[in-house]
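Going by this note's numbering, the residue at position 4 of the sequence shown is -12; the numbering climbs one at a time, nothing skipped. By construction, the Cβ of each residue, glycine as well, lies at the ideal position given by its N, Cα and C atoms. One structure below.
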Amino acid sequence: MASCLLQNATILTVDDKDRTFEKGWIALAGGRIAGLGPMETAPASAGYDEVLDLAGHLVMPGLVNAHTHSAMILFRGRSEGHSLLTMEGWYNTIREPELSLLPSDIGPAVALSCAEMALSGTTTFSDQYFFAEEIASAADASGLRAVIAYGIVQLGDEARGAEELGNAVAFVEGQRRAGGRVVPWFGPHAPYVDNDEALLRAEVAAAVRLGCGMHLHMAAGPEDNEETLARYGLTATQALARDGFFAGRVLAAHCLDLSPGDIATFAAHPAASVAHCASAGLRSGREGICPVVDLRRAGVTVALGTDNVAANNSYDMVSEMRMAGLVASHREGRAQPLSSRDLVRMATIEGARALGLDNETGSLEPGKAADVIAFDMGGPGWSETPDVATTLVYSGSGRDLRHSWVAGERIVADGRLTRADLGAIKRDYSATYADFWARVARARKVA
Ligand SMILES: [Zn+2]
């Protein structure tokens, strides 16, 4: 892999000391960060395959989108006026058309999602859905780093649950053998509502044996806690704890209705994290708001996610940082209980930590994978301020992204994808979209 020296950039390292270099350099070699520092310590440029002068750019670790369902781009704009965090909204606007999905729809949909994510600064995303194999191959082709959870669906059928768990294990083993940038996980679908207790216990045992994480929705819709409270007198979090879930790595999306006891359960298990999806939560109209400040105070890792783009409807993690900041101020009733630096950490190193990848990505430190992005600070909104993180979060946009590297490979150069042509991805997607929705219309006629 070509070595590359970036010079004269404003650099946010997001390391333990949160160091910033007003005018700095960073060297990428062999897919890793070889070194970085202020310009007065810069190495000679002669030894590098490529040297980029990034004056007027903000260089930082690639963004981590901790919760999405990339194939669901096919539903963007199709759930307006419905809450996707209720059974009613989800069933009528997603589940019913979803029954017409074919495996061949997934690749073109995920390719466009990956393009949008890459072009707005995401270098790692965490996905949970059916069709994990198809999602993984499209993610791999995009060059992004991806944690793909195999959606385990039971639908009241014990044999189907067991077969799905077998398929999930095969998926994990197959992806590990392939050795790409995809990290395979499990994604138990709707614990207690769909996956029953016996299946959940079997999933935990398999996940612990394989050392893979579990990515699920928790305390998202009103039905989540209602179901377990009615059945066991326990919140969903407590029921999952009872069934051994917190023995493994858990990434819980949404977490709108957590009790103090639920927060304590997360805090007692360092491998359990929350993916806060501020925009999706607000758009859903649910009253609950994820208690991010309390969770962080208790020591829980809180990452940020866009959720699917029927719920959001954007993959822009810069706007997700802003939304998380705004909603925290509103919830706590005081100005910025989450600082801009906190929000940047949540979108980078804390996202990486939630995925168990913080030794590999999430901050700019020598030896880590070279997952690096550069925003152009020449456009509107990027005036001088005392802290560039504040400008990024509250005034910047994912559309300011100019360059992106994953494991040292430049996947976005001058605002364009390097591995594929966005126009071709969009044409392919449009054909798939038209075909899919025509299939849905035919199915509705028959029904
Ligand atoms: Zn979700």
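Sequence-distant Cβ neighbours of ALA102 in its own chain, meaning closer than 8 Å and more than five residues away, are SER126, GLY127, LEU128, SER388, ILE395, VAL396, LEU401. Of the residues assessed, PRO87 falls on the exposed side of the cut-off, its CB having fewer than 16 other CB atoms within 10 angstroms.
Of the residues GLU187, ASN179, HIS238, the one whose Cα lies closest to the Cα of THR212 is ASN179. At a cut-off of 6 Å, the beta-carbon of ALA358 does not count as near ligand 1: no heavy atom of the ligand is closer than that. Close CB contacts of GLY269 within its chain, under the 8 Å cut and outside five residues either way in sequence, are with SER67 (chain order). In the three-state reduction of the DSSP assignment, TRP421 falls in the helix class, which pools H, G and I. Taking the Cα positions, ALA415 is about 12 Å away from GLY91. Under the DSSP assignment, GLU6 falls in the beta strand (DSSP E) whose first and last residues are 4 to 13. The beta carbons of PRO172 and GLN159 sit no closer together than 7 Å. Comparing C-alpha distances from MET305 to each of THR290, ALA189, LEU183, TRP421 shows the shortest one belongs to THR290. For ligand 1, no non-hydrogen atom lies closer than 6 Å to the CB of ALA236. Exclusion of ASP342 from the 6 Å shell around ligand 1 follows from its C-beta lying no nearer than that to any non-hydrogen atom of the ligand. Restricting attention to beta strand (DSSP E) runs no shorter than 3 residues, the segment 367 to 427 encloses them at 385 to 390, 393 to 397, ordered along the chain.
For THR(-3), DSSP records no beta bridge to any residue. Between the segment 55 to 67 and the segment -4 to 14 there are fewer than three C-beta pairs closer than 8 Å, too few to call the two in contact.
When Cβ pairs closer than 8 Å are counted between the two stretches, the segment 237 to 252 is seen not to touch the segment 175 to 191, the count staying below three.
ALA231 and VAL188 have their C-alpha atoms spaced approximately 8 Å apart.
Approximately 6 Å separates the beta-carbon atoms of THR52 and ASP111; this is inside 8 Å, confirming the contact.
By the neighbour-count definition (other C-beta atoms within 10 Å, threshold 16), LYS429 is an exposed residue. At a threshold of 6 Å, ASP111 does not count as near ligand 1, since its beta carbon sits no closer than that to any of the ligand's heavy atoms. Distance between ASP208 and ALA354, taken at the CA atoms: about 39 Å. For ASP291, the distance from the CB to the nearest heavy atom of ligand 1 is below 6 Å. Contact between the segment 283 to 302 and the segment 249 to 256 is present: 3 or more CB-CB pairs across the two stretches fall below 8 Å. Looking only at ASN76, MET56, GLU316, the smallest Cα-Cα distance to PHE115 is reached by MET56.
Per the coordinates, the alpha-carbon of HIS201 lies some 48 Å from the alpha-carbon of SER29. The beta carbon of VAL293 sits closer than 6 Å to the beta carbons of ILE57, ARG60 from its chain, once the five residues preceding and following it are set aside; these are given in chain order.
If you check the CB distance, LEU348 and THR108 do not come in under 7 Å. For GLY392, the CB contacts under 6 Å within the same chain, skipping 5 residues up- and downstream, are MET(-15), LEU12, GLY15, ALA354 in chain order. Within 10 angstroms of the beta-carbon of ASP37 lie fewer than 16 other beta-carbons, which makes it exposed. Here TYR113 is buried: its Cβ has 16 or more other Cβ atoms, across all protein chains shown, within 10 Å. In this structure, the alpha-carbon of ALA190 lies about 8 Å from that of VAL153.
ALA336 and ARG165 have their alpha carbons spaced roughly 14 Å apart. Restricting attention to CYS239, LEU224, VAL156, the CA atom closest to the CA of LEU194 is found in VAL156.
Rounded to whole angstroms, the gap between the alpha carbons of ALA264 and ASN297 is 8 Å.
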